[in-house]
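>
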Amino acid sequence: MRHCHQGGEMKTTIKIACPYCGVKQGISVPFYPGWNPKTLHTCDVDFGGCNRDFVIGIQWSYETEIHKLIGPNYGMSKDG
Ligand SMILES: [Zn+2]
1 MRHCHQGGEM
11 KTTIKIACPY
21 CGVKQGISVP
31 FYPGWNPKTL
41 HTCDVDFGGC
51 NRDFVIGIQW
61 SYETEIHKLI
71 GPNYGMSKDG
């Protein structure tokens, strides 16, 4: 049995700032709901960074939207 996880993987770009030199840079990370990874990143010299390694702890946050169902079939328990 082989498991293939390729395809359908979502990636998202997050903005971080290097803890050493403060240079802001965007990194692309895989997005898995409920997974809060720690990832090793090297400060990107292309952004003017210092090329030092640091660990990023990612915490995805979620917002839940709740919508009421409002219509003629709801809330009518009595006859007029
Ligand atoms: Zn840096």
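So the sequence shown is numbered by the numbering used here: it starts at 1 and just counts up by one. Don't be surprised by glycine CBs; every beta carbon is placed ideally from N, CA and C.
Just to check, is the beta-carbon of V55 closer than 7 Å to a non-hydrogen atom of ligand 1?
If you number the sequence shown from 1, residue 55 lands on position 55. No, Cβ of V55 sits at least 7 Å from all heavy atoms of ligand 1.
> Tell me whether F54 sits in a helix, a strand or coil according to DSSP, three-state version.
The residue labelled residue 54 in the question sits at position 54 within the sequence shown. Looking at F54 - three-state DSSP - the assignment turns out to be strand.
> Helix, strand or coil for V45? Go by DSSP, reduced to three states.
Translated into the one-based positions of the sequence shown, residue 45 becomes position 45. Helix at V45.
> When burial is assigned at 16 or more other CB atoms within 10 Å of the CB, is C82 buried or exposed?
With the chain represented from 1 up to 80, any question about residue 82 goes unanswered, as that position is not in the structure.
> Who are L40's beta bridge partners in DSSP?
Here residue 40 is taken as the residue at index 40 of the sequence shown, counted from 1. L40 pairs with V55.
> Among the candidates I14, K11 and V23, whose CA atom is the shortest distance from the CA of N51?
Taking the sequence shown and counting its residues from 1, the one referred to as residue 51 is at position 51. Among I14, K11 and V23, the Cα nearest to that of N51 belongs to V23.
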